[in-house]
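Participant: Handing you a structure now.
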Amino acid sequence: MPPEVVYPPRCMSHTAPATNCYAKENAQLRAAFHWPSPTRTSAWDITRMNADKTFTILDKEQLIPGQTSKLVVSAPQIALKAKPGNFVILRIAEKGERIPLTIADTDPEAGTITMVYLVMGKSTAMLDELDKGDEILDLCGPLGKPTHISTEAGTVVCVGGGTGVAAMHHIAKGHHRAGNKVVAVIGARSKDLLLFERELGQFCDKVLIATNDGSAGVQGFVTGVLQDYLENESDIGEVVAVGPVPMMAAVAETTRPFEVKTTVSLNSIMLDGIGMCGACRVTVAGDTRFACVDGPEFDGHEVDFTELSNRLAAFKTMEQAAHDHYCKCKCDD
Ligand SMILES: Cc1cc2nc3c(=O)[nH]c(=O)nc-3n(C[C@H](O)[C@H](O)[C@H](O)COP(=O)(O)OP(=O)(O)OC[C@H]3O[C@@H](n4cnc5c(N)ncnc54)[C@H](O)[C@@H]3O)c2cc1C
Ligand code: FES
Numbered sequence: 022m023p024p025e026v027v028y029p030p031r032c033m034s035h036t037a038p039a040t041n042c043y044a045k046e047n048a049q050l051r052a053a054f055h056w057p058s059p060t061r062t063s064a065w066d067i068t069r070m071n072a073d074k075t076f077t078i079l080d081k082e083q084l085i086p087g088q089t090s091k092l093v094v095s096a097p098q099i100a101l102k103a104k105p106g107n108f109v110i111l112r113i114a115e116k117g118e119r120i121p122l123t124i125a126d127t128d129p130e131a132g133t134i135t136m137v138y139l140v141m142g143k144s145t146a147m148l149d150e151l152d153k154g155d156e157i158l159d160l161c162g163p164l165g166k167p168t169h170i171s172t173e174a175g176t177v178v179c180v181g182g183g184t185g186v187a188a189m190h191h192i193a194k195g196h197h198r199a200g201n202k203v204v205a206v207i208g209a210r211s212k213d214l215l216l217f218e219r220e221l222g223q224f225c226d227k228v229l230i231a232t233n234d235g236s237a238g239v240q241g242f243v244t245g246v247l248q249d250y251l252e253n254e255s256d257i258g259e260v261v262a263v264g265p266v267p268m269m270a271a272v273a274e275t276t277r278p279f280e281v282k283t284t285v286s287l288n289s290i291m292l293d294g295i296g297m298c299g300a301c302r303v304t305v306a307g308d309t310r311f312a313c314v315d316g317p318e319f320d321g322h323e324v325d326f327t328e329l330s331n332r333l334a335a336f337k338t339m340e341q342a343a344h345d346h347y348c349k350c351k352c353d354d
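Numbering (my numbering), first residue to last: 22 to 354.
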């Protein structure tokens, strides 16, 4: 059995302990992904060669001040090809880290894509410094397998938590366009932190809400609302869940006794996003799968959520150090 290799999420040359230097490994990874190869064209090269050359931010809206923002970015080629479930990976500086973000919406006619991000650490804090009119250095996509949308799914219950509601919105829209009945279940700590309630209300058959403090909808978690719905309604063809890992794990456990197909969208750590580095490995039904190319959507009843949580937390100390360093000097080293 080969030893488990956990790649760092990004270049950690400034924060890694000397005995555990990821810098060389990361330089090799970066070289592999950026080096123009005569025999192999990476998705990054493709983006630069034949797709959009500039990615201008056309609109920015703070959905939750200081925490969550929505960007509308000019990316005509990606807007044309993107489907629900796809994501992009962007960089905002030459030495910058790659940030995977789900495509929350597209407007092929206007040539734009919409992304919603939560400020988590250094890179999303840097992204948040950009404003309307600024350029994103590069943006690769659409990546990942699109959502499987059947025209005969019956009722599809789409559950979203936190920023995941934005990603879920695009999937829900896809099911609605395919003629399925769509019920959205969204949750947040309180009413003012709810996202996309209005947008979902425009096409969903129902929007059910759960807030921890009871300031909107039912007091409690989305899983409570989902449990009620499963107990009282028949003809539920599928449940889709997008949000924090513990929420998706809880949704999968809620639906398991009802034997309802449950799809989750995994946000494992990603580097290249094109299946070469192995950073995004997840275990599904006992097999190793790469979330970037085999997913990001998988059968929620088969995902090893404990392993996923552990892998997501593997670089916490370094991420914190990088964020603290950035907050102090605002440099992108
Ligand atoms: C397919 C996919 C779609 C995503 N869509 C969205 C989205 O629509 N909106 C949104 O707010 N976030 C999304 N994320 C998560 C987002 O990429 C991370 O929050 C972001 O990269 C954090 O970077 P940071 O430097 O700000 O934080 P850091 O301090 O570097 O990390 C904070 C936490 O973010 C996660 N993270 C860090 N690096 C990565 C990485 N390279 N890939 C994935 N997760 C990472 C880890 O859990 C980490 O503990 C998505 C992730 C994936 C894989
Ligand atoms: S991110 Fe590298 S293989 Fe998936």
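All C-beta atoms in this analysis are idealised placements derived from N, C-alpha and C, irrespective of residue type, glycine included.
Just so it is clear, the structure is predicted and the values come from calculations on it, not from any experiment.
1. A114 and L158 look like a contact to me (Cβ under 8 angstroms); what is the Cβ gap, rounded to whole Å?
2. May I ask you to check if the CB of V296 is nearer than 6 angstroms to at least one heavy atom of ligand 2?
3. Using three-state DSSP, classify C301 as helix, strand or coil.
4. Would you list the residues sitting across from S95 in a DSSP beta bridge?
5. Using DSSP with H/G/I as helix, E/B as strand and the rest coil, what is T60?
6. Buried or exposed: where does G154 fall if 16 or more other Cβ atoms within 10 Å of its Cβ makes it buried?
7. Given a threshold of 16 other Cβ atoms within 10 Å of its Cβ, counted over all protein chains shown, does T232 qualify as buried or as exposed?
8. If distances are taken between C-alpha atoms only, which option among A262, H322, L151 and L164 comes closest to V140?
9. Using three-state DSSP, classify C42 as helix, strand or coil.
10. Is it the case that the region 283-302 contacts the region 105-120, given that we only count it when at least three CB pairs across the two stretches are under 8 angstroms?
11. Can you tell which of L214, T135 and N253 has its C-alpha closest to the C-alpha of I85?
12. Taking DSSP's pairing of strands, which residues face I230 in a bridge?
13. Whose C-beta lies closer than 6 angstroms to the C-beta of T276 among residues of the same chain, with five residues either side of it excluded?
14. Count the other CB atoms, across all protein chains shown, that sit within 10 Å of the CB of A334; report buried if there are 16 or more and exposed otherwise.
15. To the nearest angstrom, report how far apart D126 and G316 are at their CA atoms.
16. On the three-state DSSP scale, how would you describe K212?
17. Is the region 118-137 close to the region 191-200, with three or more CB pairs under 8 angstroms?
18. What residues in its chain sit with their C-beta under 6 angstroms from that of T172, if we drop five residues either side in the sequence?
19. Buried or exposed for T75, please, with buried defined as at least 16 other CB atoms from any protein chain shown within 10 angstroms of its CB.
20. Please determine whether the Cβ atom of P267 lies at a distance below 6 angstroms from any heavy atom of ligand 1.
21. So, with DSSP's three-state summary, where would you put G20?
22. From T184 to P265, what distance separates their C-alpha atoms?
23. Around the C-beta of P121, are 16 or more other C-beta atoms found within 10 angstroms, so that it is buried, or is it exposed?
24. Apart from the five residues just before and just after D256, which ones in its own chain have a Cβ nearer than 6 angstroms to its Cβ?
25. Around the C-beta of K116, are 16 or more other C-beta atoms found within 10 angstroms, so that it is buried, or is it exposed?
26. In whole angstroms, what separates the C-alpha of C301 from that of I295?
27. Identify whether E280 lies in helix, strand or coil by the three-state DSSP scheme.
28. What's the gap between the Cα of A96 and the Cα of T168?
29. Do P163 and A103 have their C-beta atoms closer together than 7 angstroms?
30. At a cut-off of 6 angstroms, is D159 close to ligand 2 when judged by its beta-carbon and the heavy atoms of the ligand?
31. In chain order, what residues of the same chain have a beta carbon less than 7 angstroms from the beta carbon of E82, not counting five sequence neighbours either side?
32. In this structure, does DSSP put F326 in helix, strand or coil?
Facilitator: Working from what's here:
1. Taking 8 angstroms as the upper bound for CB-CB distance, A114 and L158 are in contact here, some 6 angstroms apart.
2. Note that residue 296 is Gly in the sequence shown, not Val. G296: yes, Cβ under 6 angstroms from ligand 2.
3. coil
4. T133
5. Any answer about T60 is weak, because its pLDDT of 32 lies below 50 and its placement is not dependable; what the coordinates show is given next. It is coil, neither helix nor strand.
6. exposed
7. buried
8. Comparing alpha-carbon positions, the option among A262, H322, L151 and L164 lying closest to V140 turns out to be L151.
9. With a pLDDT of only 28 at C42, under 50, the local geometry of the prediction cannot be trusted, and the value read off the model is given with reservation. Correct three-state label for C42: coil.
10. yes
11. L214
12. I207
13. V260 and T283
14. It is exposed - the Cβ of A334 has fewer than 16 other Cβ atoms within 10 Å.
15. 19 angstroms
16. Helix.
17. Enough Cβ pairs lie closer than 8 angstroms, so yes.
18. A199 and G200
19. exposed
20. no
21. The displayed coordinates of the chain run from 22 to 354. Any statement about residue 20 would go beyond what the structure contains.
22. 8 angstroms
23. With 16 or more Cβ atoms within 10 Å of its Cβ, P121 is classed as buried.
24. G175 and T176
25. Under this definition K116 is an exposed residue.
26. 10 angstroms
27. coil
28. Approximately 21 angstroms between the Cα atoms of the pair.
29. yes
30. no
31. S90 and K91
32. helix
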